[in-house]
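Here the structure is laid out as structure tokens; the discussion comes afterwards.
Number of protein chains: 2
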Amino acid sequence: NGAATRSSVVWMRFANTSASVAQEETVAKKEATTAPPSTKDITSYWGIPPTKLVKEDGTEWKWSCFKPWDAYKADVTIDLTKHHTPTTMLDKTAYWIVKSLRLPTDIFFQRRYGCRAMMLETVAAVPGMVGGMLLHLRSLRRFEQSGGWIRALLEEAENERMHLMTFMEVAKPHWYERALVMVVQGVFFNAYFLGYLISPKFAHRMTGYLEEEAIHSYTEFLKDLEDGKMENVPAPAIAIDYWRLPANATLKDVVTVVRADEAHHRDVNHFASDIHHKGMELSQTPAPLHYH
Amino acid sequence: NGAATRSSVVWMRFANTSASVAQEETVAKKEATTAPPSTKDITSYWGIPPTKLVKEDGTEWKWSCFKPWDAYKADVTIDLTKHHTPTTMLDKTAYWIVKSLRLPTDIFFQRRYGCRAMMLETVAAVPGMVGGMLLHLRSLRRFEQSGGWIRALLEEAENERMHLMTFMEVAKPHWYERALVMVVQGVFFNAYFLGYLISPKFAHRMTGYLEEEAIHSYTEFLKDLEDGKMENVPAPAIAIDYWRLPANATLKDVVTVVRADEAHHRDVNHFASDIHHKGMELSQTPAPLHYH
Ligand SMILES: [Fe+2]
Ligand SMILES: [Fe+2]
Ligand SMILES: [Fe+2]
Ligand SMILES: [Fe+2]
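So the protein lines, in turn, are chains R and L.
Number 1117 in the working numbering belongs to position 238 of the first sequence; there are no gaps in the numbering.
Number 930 in the working numbering belongs to position 51 of the second sequence; there are no gaps in the numbering.
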């Protein structure tokens, strides 16, 4: 049962957290020795408490970009084949835009899936951030509750960024790829911003279809890893801590949990678009928070 | 000791969470009866699990915009008088811009502090969102870790938005105030966006000074409540759940914790500006997360 599994995972997550926090308390009492010496004086003036977290195995928590309680076990039992059949004009447009973007990406990357994943994640982390920001500004302007959607979309953006932080450990970008990312981000950020302002219904549907494509390309990635066409290297340390993978996890395990994440994003975005299709605002329906 | 207090609060928070999650698990097994009937079919198709959280006292958790584990006890022992003395040209400019914005606000609102708080919070929630978003895009573009600053700034934005959600329960905006908010947000969002792109050092310093002003105006607000010039009404329900206030808390308690929040934002933003002043990037120094 999916729901029960998720709940017990959440429980585990917080159980671990409590342990970490207890550790943190102990450590906070000692002198802080981790802050770089150059910022120590500012830190102490502004009273920012230096924190040093410890993992369950007693080793130091290495990441300042996420905390032990942000880590989770991906629900890999999620249905990967679910698809939203486009019926309205708007949905069909979204579907065909995404499908036509497939061709140039296929030509550019061929089967270099590591590279492809890395590049596509720099784009994938944009919609959640734009949507979350626009809903935040809307809530402020209209003195209205958000229904949790700001947070849900920002969580998605952060999750996508963690995918990037993971894949960049396995595939290093060339200078021309870095240049391409700048251009693509500039165009896509502005396009999505405008698109979301005009029709969030369309924007979420498009993201939903993008996620369906992401699932497809991670499945291809997995095939190449299984067939030995790509080396199944050990999982990067950041991935092991973020998805609570075993110490001997490999790239295959990472791709599997990332693909499960994409399936969750697919659900959230199609769900959001469906709410708009019913003529409702997102804020009228509680958002799926911590839906991994 | 501030650090110890904070730690034990964190512990409490998570201890409560575990309880809530256990409750959630129980509830998830029952049929969901809370989702509005019109979205029930979409929810079940996309497999979004309906969650129903329960408070410690057994009553239902009312808010979909934040969860029990997002609530906290504000550290009201924070030094309210700390001030960054402007020395560089840039800091002085930031200081005088903020000081000169004081005059029109004073004239517009006079001593109507409830109204003033509400209006200013719609502006206060912008810098964190803009900064967080720009750092997010930067991290993606440059394949770089964030040091936790994206999350820290987004947390600040969310905290400010919760201030607004609270004050709008006490003071209802007039139509011309709503219209003013639209205009001010349009101008301020774009100005801060550009400002942050050009000089995050300047942007964070300005926010730091804005927070110092916020502390001042909440102190005046408190004086008027103490002098009986304004009625010390009961605290809104959302404030009681967000700051874990006692059931009989009043507006005075709310203003006190909100003011403590502003002092924390002051520290974070001056700290961020100081890091830039040292010629460093924010990502090189771990961000203060969960700093309330
Ligand atoms: Fe992704
Ligand atoms: Fe995704
Ligand atoms: Fe505020
Ligand atoms: Fe503030």
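For glycine and all other residues, C-beta sits at the position ideal for the given N, C-alpha and C.
Considering only heavy atoms of ligand 3, does any lie closer than 7 Å to the CB of residue 1099/L?
no
Which word fits residue 1080/L, buried or exposed, when buried means at least 16 other C-beta atoms lie within 10 angstroms of its C-beta?
-> buried
- [ ] Assign residue 1136/L to one of three DSSP states: helix, strand, or coil.
- [x] helix
>> Measuring straight from C-alpha to C-alpha, what distance separates residue 1148/L and residue 1095/L?
In response: 17 Å
**Request:** Kindly give me the distance between the Cβ atoms of residue 939/L and residue 931/L, rounded to whole angstroms, as I take these residues to be in contact under 8 Å.
**Result:** 7 Å
Task: Same chain, Cβ closer than 7 Å to residue 1158/L, neighbours up to 5 away in sequence not counted - done: none
_Taking the beta carbon of residue 1152/R as the centre, do at least 16 other beta carbons fall within 10 Å, making it buried, or is it exposed?_
buried
Which residue wins for smallest C-alpha separation from residue 1044/R, given the options 1087/R, 1119/R and 1014/R? 1119/R
Residue 933/L - DSSP class collapsed to helix/strand/coil: strand
Would you check if the distance between the CB atom of residue 1171/L and the CB atom of residue 973/L is smaller than 8 Å? no
Where residue 1029/L falls, given that 16 or more other Cβ within 10 Å makes a residue buried = buried
Check your understanding: Is the CB of residue 1104/R under 8 Å away from at least one CB in chain L?
Key -> no
Under 8 Å, CB to CB, which of the residues in the region 1150-1166 of chain R have a partner in chain L? 1150, 1153, 1154, 1157, 1159, 1163, 1164, 1165 and 1166
Alpha carbon to alpha carbon, what distance is there between residue 1023/R and residue 1160/R? 11 Å
ask   = Taking only beta-carbon atoms, is residue 1025/L less than 8 Å away from chain R?
value = yes
Using a Cβ cut-off of 8 Å (strictly closer), state whether residue 1041/R contacts chain L. no
Please confirm if residue 1016/R has its CB atom under 8 Å from at least one CB of chain L. yes
### Message
Excluding the 5 residues flanking residue 1168/R on each side, which residues of the same chain have their C-beta closer than 8 Å to its C-beta?
### Response
1027, 1030, 1031 and 1034
* Are the CB atoms of residue 1099/R and residue 1141/R nearer to each other than 8 Å? -> no
*In the DSSP assignment, find the alpha helix (DSSP H) that holds residue 927/L and state where it starts and stops.*
Neither: residue 927/L is in no alpha helix (DSSP H) and is coded neither H nor E.
Classification of residue 979/R by the beta-carbon crowding that lies within 10 angstroms, buried from 16 upward = exposed
inquiry  = ligand 2 and residue 958/R: does any heavy atom of the ligand fall closer than 7 Å to the residue's C-beta?
reply    = no
Task: CB contact below 8 Å: residue 881/R versus chain L - done: Low confidence applies here, because residue 881/R scores a pLDDT of 36, under 50, leaving its location unreliable; read the following figure in that light. Yes, because at least one Cβ of chain L sits closer than 8 Å to the Cβ of residue 881/R.
| task | Go to residue 1030/L, then tell me how far its alpha helix (DSSP H) extends in each direction, as first and last residue. | result | 1028-1046
### Query
Any idea what DSSP makes of residue 938/L, helix, strand or coil?
coil
Residue 1069/L burial status per 10 Å Cβ neighbour count (16 or more: buried) = exposed
Rounded to whole angstroms, what's the CA-CA distance from residue 1163/L to residue 984/R? Just pull it up for me.
34 Å
- Quick one: is residue 1116/R buried, meaning 16 or more other Cβ sit within 10 Å of its Cβ, or exposed? exposed
**Request:** Output the boundary residues of the alpha helix (DSSP H) element that contains residue 1169/L.
**Result:** Here residue 1169/L belongs to no alpha helix (DSSP H), and DSSP marks it neither H nor E.
* Count the C-beta pairs between the region 1036-1043 of chain L and the region 1097-1111 of chain L that are closer than 8 Å, then say yes if the count reaches three, no if not. => no
Query - Inter-residue spacing [alpha-carbon to alpha-carbon] between residue 901/L and residue 1144/R - result: In this prediction, residue 901/L scores a pLDDT of 37, lower than 50, which makes its location untrustworthy; no coordinate-derived value is stated.
Fill in: Buried or exposed by the 16-neighbour rule on C-beta atoms within 10 Å, applied to residue 1123/L
buried
For residue 1113/R, name the three-state secondary structure that DSSP assigns. strand
field: Cβ neighbour criterion (16 or more within 10 Å) applied to residue 1076/R
entry: exposed
Could you name each continuous alpha helix (DSSP H) segment of 4 residues or more that falls completely within the region 937-1002 of chain R, going from the start of the chain to the end?
-> 968-988
**Prompt:** If contact means a Cβ-Cβ distance below 7 Å, which residues of the region 1053-1072 of chain L contact chain R?
**Reply:** 1060, 1061, 1064 and 1068
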